[in-house]
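Visitor: Before anything else, here's the structure in question.
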Amino acid sequence: MKAPSFSYARPGSLSGVFELLERHGDRARVLAGGQSLLASLNLRLSAPELLVDIACVPGLTGITVAGDKVRIGALTTHRQIERSPEVARHLPLLAQAVRNVACAAIRNVGTFGGSIALADPAAEYPACAVALDATFVLAGRAAERRVRAREFFRGLYETALRPGELLIAGEFPVSGDGYRSVFLELARRRGDYAMVGIAAHARTAGGRISDARLAFLAVSGTPVLAVRAAAALEGRPPDARTVAAAQAALGDELEAPADLYASRATKLHLARVLLGRALGALAR
Amino acid sequence: MNARAELPLHAPGATTDKGYIGQSVPRPNARRLLQGRGAYVDDLRFARLAHVVFFRSPYAHARLKRLDLSKAARQPGVIAAFDGRAVAEYCKPWVGVLGHLKGIKSPPQFAIAIERACCQGEAVAAVVAETRAQGEDALQHVEADWEELPVVTDMEEALAGKVVIHADLGDNVCFTRGLDTGGVDEAFAKADVIVEETYEFGRHTGVTLEGRSILADYNAAEHTLTVYHSTQAPHMMQDVFSRHLGIPEANVRVICKDVGGSFGIKVHVYPDEMATAAISVMLRRPVKFIADRLESFLTDIHAREHKARVRIACTREGEILAFDLWDLTAIGPYSVYPRTSGIEGNQVVNLTGGPYKHQQYRAQMNVVFTNKNVTCQYRAVGHPIAVALTEGIVDLAAEKLGIDPAEFRRKNLIPDSAYPYTFPSGIKFEKLSHHQSLDRLLELMSYKELREEQRALRDKSIYRGIGLAAMIEVTNPSPAFYGVGGARISAQDGATLRLEPTGMVTCIASVTEQGQGTEGAMAQIAASAVGVALDKVRVITGDTGVTPYGGGTWASRGAGIGGEAVLQAGRALRSNILEVAAHILHADRAELDIVGGEVVNRLTLESRLPLVELGRVAYFRPDTLPLKFQSELTVTRHYTPREYGFTFTNGIQACLVEVDVETGFVKLLKHWCVEDCGTIINPMLVDEQIRGGVVQGIGAALYEECLYSAEGQLLNGSLADYLVPMSAEMPDIIVAHIETPPRQSDLGAKGAGEAGTAGAPGAVMNAINDALRPFKARVAAQPFTPQRVLQALGKV
Ligand SMILES: Cc1cc2nc3c(=O)[nH]c(=O)nc-3n(C[C@H](O)[C@H](O)[C@H](O)COP(=O)(O)OP(=O)(O)OC[C@H]3O[C@@H](n4cnc5c(N)ncnc54)[C@H](O)[C@@H]3O)c2cc1C
């Protein structure tokens, strides 16, 4: 199929973007790396009249560490995240996760902001952002605001972004002392969206697990923070009984809707296996 | 050395050099394709080119109550819009049946369906526009009212026939075949051990890099139709276009530029392609249709949807006494033209149990209609089914008897000394090498050591499995495949070789190239047969206006049939060249030979006359030759296999997997294939054919399935959802060969293109089941998804 015809603009400033978004309303779409948007146009799943390419807006790319925060600009590509020493040092969860995003060709162009704004339920970054309690910087024509990742993902492909708003950056707290991260996912083929995945971050001091943030991907319309499973772990060594209790708790918190290749039962089973493995890796 | 290209290549005790035969020389077209200078149909530029897009049924079965194309026809850029009736005026419908498949039936199929759509994606209207995008825009303005009709998607329901798809046909049975050698019940009665299993095979398709593509250019002034077509069989299509569009065959020319993969997908008659040609006639201008990926998934032939129950009877000592097979397969609403959709099931009956020496065999096979996309011949037709169920049940018997699976096969494989041999299904083997292949495989994979390692790892809760799959394979078909049934599909192929004045050799062959390297292999044969360097040969294929008549490339016939024609033409040309040389040199012909593009003294190898000089004399100064002599430096030869209906090949594959018993994920660790394709023309090409074939077989075993809802809606019509095997998951594939050339041809080449696909799924299945053995768990339904493995393990 061919995309329906559309107009294209590449403003050189944020205000230029906002102006176009305001003028064209929901007939305009922001274009970042295009790795998801162009596919949906070519399948005629959406037909915006105008694509507003943000590639030339200054200040949207790059990874900076300031104090106890790592800021990742919306236009930062997956590849830049993958190669960033800052991310490797301060956000080991994201560093592990990014290797699972698509294949190299797509990682070269796809962006952090595109992935967050698209909010695919099987995407890696949203779950990491939820686990790490990141904050997103959103800007509109009038104002800038900050929304916690845990409140940003509202439903299937639904976010807190308002019409006319742009995702500017994500701010991640640096990984604290005594904390460890494990990212695991199961995908049929390397680079595929996950069948199930877990972004796990916890304190592991003294062989005990505490403050565990276990965010699952591909088990619901949004990333799911498994709080009951975390509660079952709090302050305990991850021995067989504790792990089993945490795994059992998942049954209540993960919706795990069936997909083309796996039933709810299979997805839940796999989520439990991944939780077990993640805890094993955290304790190691 | 002096007899460098002296053939036959496999003469017993021959000490002759085979020239380029057997050498891994690079294929001449690789550089062009890699530099992006290929010319596929979509690369061609034509003045006044129109693009056709199709309005396709959203329903699996529905009556078209009202179709209004008037709004669509008024959209920007739209040239015309047609319904099925309009196109039927120019293109006669067809019926996909063949005489030798007794009782096969199918309804007439139109280029564009009239009144009723019988599967999702069946086209009911065509919109022609200046650009594809404008055509797609206009499609949104086609108005259609549908009345949904009852849908049959389940094979067994189709067989039961409560709802009949084509009332005129009486039931949903397209074709049925029974076979009984007699004595089967007696064999089962006296058996010590009987094993039975039901195997299921997911419907999948062959995903070609280049989608189906056609550009038809009707010239009203000459009443000629030139079709640029991504097809495997240009002459077959020439005949089809001619008969169905009512244009004299001599006025139809089919040209294959580069073809980006086919795998059997591009050897069938597709309604949308016929409609494109018809519309070119209707509009008297060039019209193009390129299937996009969604259209490919919806309408490229699917294959392999089977459910098969198989039983075997064995003695305590492990001798197989009898096979008993019941097979059911669903083919969609039409039997595909002109090869029919009965062949795959027919092959399953022919081939099941094929490597083994039992004498009793019974089979019952039903082919039924359903409201899904059509199925037809895809790489290795029927073989992956027959091999998987044969090898699966053989493994099960070995397990029950407590015999090592390799040993069990050794006991039962037809001995290498038993040929010629007729298998109980009636197929004849000239000469196979099962035991040699098995021995080679076990040595290649270090079978014993692998078994030991497997045992040791099990103690560490690592579950590896080793699976074997022996196979036989149909290649080089004679007219017995299609011709005897009335299909106008050439079983013969031809080659023309011409010595150019410059000493170059032009080879024009009727077999075709779709990326597998056919042209490279033909160049090697031609260079060897004539006695010139490889870079002195140019190969032309794929143009009915230019090449000899022939079948094209399918059923692993390119090298064996097309190659033999090239060989014979090359020998004849060599002989004719020597005749000219004898006159020029006033020498005795018998003293001369051709080596490296020069006429030489046969004994001393002394150079006597470069071919470039011979060419100059023959073409520009024939006045210097004897008065009565005419040189004949263009030669055509043809070849059809006659003695045997098919040239069977054999081989055996092995797969090593590790199953994660918690997640059900299967990791492929290594794969081996030993096969016997007779004379190997280019080991690199053969090995890559085997590897590519294995990968497609692995796709069937682990990943690929066209998933339909109960309502007949395709659920995974994109490359994101339909999982093709990707390189990261593929194991190293080790390939080795046994060479048993058939005596029928001088070249001695059998086919190799389908062997990998034929055997891989069975080997993968057996490996998984071997890994699961400690859990008494087993999978039998392809593809073996993590979920199916977990279900077998009782975990979900
Ligand atoms: C074959 C394939 C496999 C993939 N596998 C994975 C995978 O495993 N994991 C994964 O996470 N992703 C995967 N992706 C998606 C890929 O990561 C995309 O790059 C990403 O989802 C979108 O980023 P983009 O920059 O390409 O955004 P675009 O495609 O340009 O845009 C996506 C959406 O986000 C909006 N948008 C983009 N940037 C902004 C912004 N700054 N503010 C507001 N809205 C914005 C756009 O309007 C659009 O709606 C895959 C893609 C493909 C094609």
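Top line first, the protein sequences correspond to chains A and B. For the first sequence, our numbering begins at 1 and goes up steadily by one. For the second sequence, our numbering begins at 285 and goes up steadily by one. Virtual Cβ for every residue (Gly too), placed ideally from N, Cα, C.
(1) Flag Leu29 (chain A) as yes when its Cβ comes closer than 7 Å to any non-hydrogen atom of ligand 1, and as no otherwise.
(2) For the candidate residues B:Ala670, B:Leu876 and B:Glu942, whose alpha-carbon lies nearest to that of Glu737 (chain B)?
(3) Any heavy atom of ligand 1 closer than 7 Å to the beta-carbon of Ala32 (chain A)?
(4) Smallest Cα separation from Ala225 (chain A): which of A:Leu50, A:Cys56 and A:Ala246?
(5) Keeping to the same chain, check which residues put their C-beta closer than 7 Å to that of Ala1065 (chain B); ignore five residues upstream and five downstream.
(6) Could you tell me the boundaries of the alpha helix (DSSP H) in which Glu253 (chain A) lies?
(7) Say whether the region 409-423 of chain B touches the region 324-341 of chain B, bearing in mind that this needs 3 or more beta-carbon pairs closer than 8 Å, one atom from each stretch.
(8) Under 7 Å, CB to CB, which of the residues in the region 387-419 of chain B have a partner in chain A?
(9) Thr920 (chain B) and Pro1009 (chain B) look like a contact to me (Cβ under 8 Å); what is the Cβ gap, rounded to whole Å?
(10) Compute every distance between the C-beta of Gln35 (chain A) and the non-hydrogen atoms of ligand 1, then say whether any falls below 7 Å.
(11) Report the rounded CA-to-CA distance for Pro1058 (chain B) versus Ala753 (chain B), giving the unit in angstroms.
(12) Any heavy atom of ligand 1 closer than 7 Å to the Cβ of Thr111 (chain A)?
(13) For a contact defined as C-beta to C-beta under 8 Å, what are the partners of His269 (chain A) on chain B?
(14) Could you tell me the alpha carbon to alpha carbon distance between Pro121 (chain A) and Asn657 (chain B), rounded to whole angstroms?
(15) Taking the alpha-carbon of Gly620 (chain B) as reference, which of B:Ala1036, B:His586 and B:Ala647 has the nearest alpha-carbon?
(16) Look at Thr1092 (chain B) and Met439 (chain B) and say whether their C-beta atoms are less than 8 Å apart.
(17) Using DSSP's beta-bridge definition, name the partner residues of Asn503 (chain B).
(18) For a quick check, are the C-beta atoms of Pro570 (chain B) and Leu728 (chain B) less than 8 Å apart?
(19) Any beta-carbon of chain B closer than 8 Å to the one on Arg190 (chain A)?
(20) List the residues of chain B whose Cβ lies closer than 7 Å to the Cβ of Tyr261 (chain A), in chain order.
(21) For the beta strand (DSSP E) holding Val1063 (chain B), just list the boundary residues, first then last.
(22) Between Tyr125 (chain A) and ligand 1, is the CB less than 7 Å from at least one heavy atom?
(23) Please tell me whether Leu186 (chain A) has its Cβ less than 8 Å away from any Cβ of chain B.
(24) For Pro689 (chain B), is the classification buried or exposed, using 16 other Cβ atoms within 10 angstroms of its Cβ as the cut-off for buried?
(25) Quick one: using the 10 Å Cβ neighbour count with 16 as the cut-off for buried, is Phe152 (chain A) buried or exposed?
(26) Give every residue of the same chain whose Cβ lies closer than 6 Å to the Cβ of Val130 (chain A), excluding the five residues on either side of it in the sequence, and list them in chain order.
(27) Could you tell me whether any Cβ in chain B is nearer than 8 Å to the Cβ of Thr64 (chain A)?
(28) Could you check whether the Cβ of Ala1012 (chain B) sits closer than 8 Å to any Cβ belonging to chain A?
(29) Return the residues of the region 272-284 of chain A that lie within a Cβ-Cβ distance of less than 7 Å from chain B, sorted by chain order.
(30) What is the DSSP secondary structure of Ala278 (chain A), counted as helix, strand or coil?
(31) Strictly under 8 Å for the Cβ-Cβ distance: is Met285 (chain B) near chain A by that measure?
(32) How big is the Cα-Cα spacing for Glu972 (chain B) and Ile1018 (chain B)?
(33) Over the uninterrupted alpha helix (DSSP H) stretch that includes Pro894 (chain B), give me the two end residues.
(34) Taking Lys2 (chain A) as the query, report the chain B residues whose CB atoms sit under 7 Å from its CB, ordered along the chain.
(35) Buried or exposed for Glu589 (chain B), going by 16 or more other Cβ atoms inside 10 Å?
(36) State yes or no: is the C-beta of Ile106 (chain A) nearer than 7 Å to some heavy atom of ligand 1?
Guide: Looking at the atomic coordinates:
(1) The residue you asked about is not Leu; residue 29 (chain A) is Arg in the sequence shown. Arg29 (chain A): yes, Cβ under 7 Å from ligand 1.
(2) B:Glu942
(3) yes
(4) With the sequence shown as reference, residue 225 (chain A) is identified as Leu, and Ala is not the correct amino acid for it. The option with the nearest alpha carbon to Leu225 (chain A) is A:Ala246.
(5) Glu484 and Arg1072
(6) Ala240 to Glu253
(7) yes
(8) Arg416 and Ala417
(9) Contact doesn't hold; Cβ gap of about 41 Å is too wide.
(10) yes
(11) 21 Å
(12) yes
(13) Leu1074, Lys1079 and Val1080
(14) 31 Å
(15) Correcting the residue type first, residue 620 (chain B) is Val in the shown sequence and not Gly. Closest option to Val620 (chain B), Cα to Cα, is B:His586.
(16) As displayed, chain B neither begins before 285 nor continues past 1080, which places residue 1092 (chain B) out of reach and without an answer.
(17) B:Thr508
(18) no
(19) yes
(20) Thr1069 and Gln1071
(21) Here Val1063 (chain B) belongs to no beta strand (DSSP E), and DSSP marks it neither H nor E.
(22) yes
(23) yes
(24) buried
(25) buried
(26) Ala149, Arg150, Ala215, Pro223 and Leu225
(27) no
(28) yes
(29) Val273
(30) helix
(31) Bear in mind that a pLDDT of 37 at Met285 (chain B), under 50, signals an unreliable position, so the number given afterwards is only what the model happens to contain. Chain A, which has no Cβ nearer than 8 Å to the Cβ of Met285 (chain B), makes this no.
(32) 11 Å
(33) Per DSSP, Pro894 (chain B) belongs to no alpha helix (DSSP H); it is in the beta strand (DSSP E), Ser891 to Pro894.
(34) Arg416, Ala417 and Glu420
(35) buried
(36) yes
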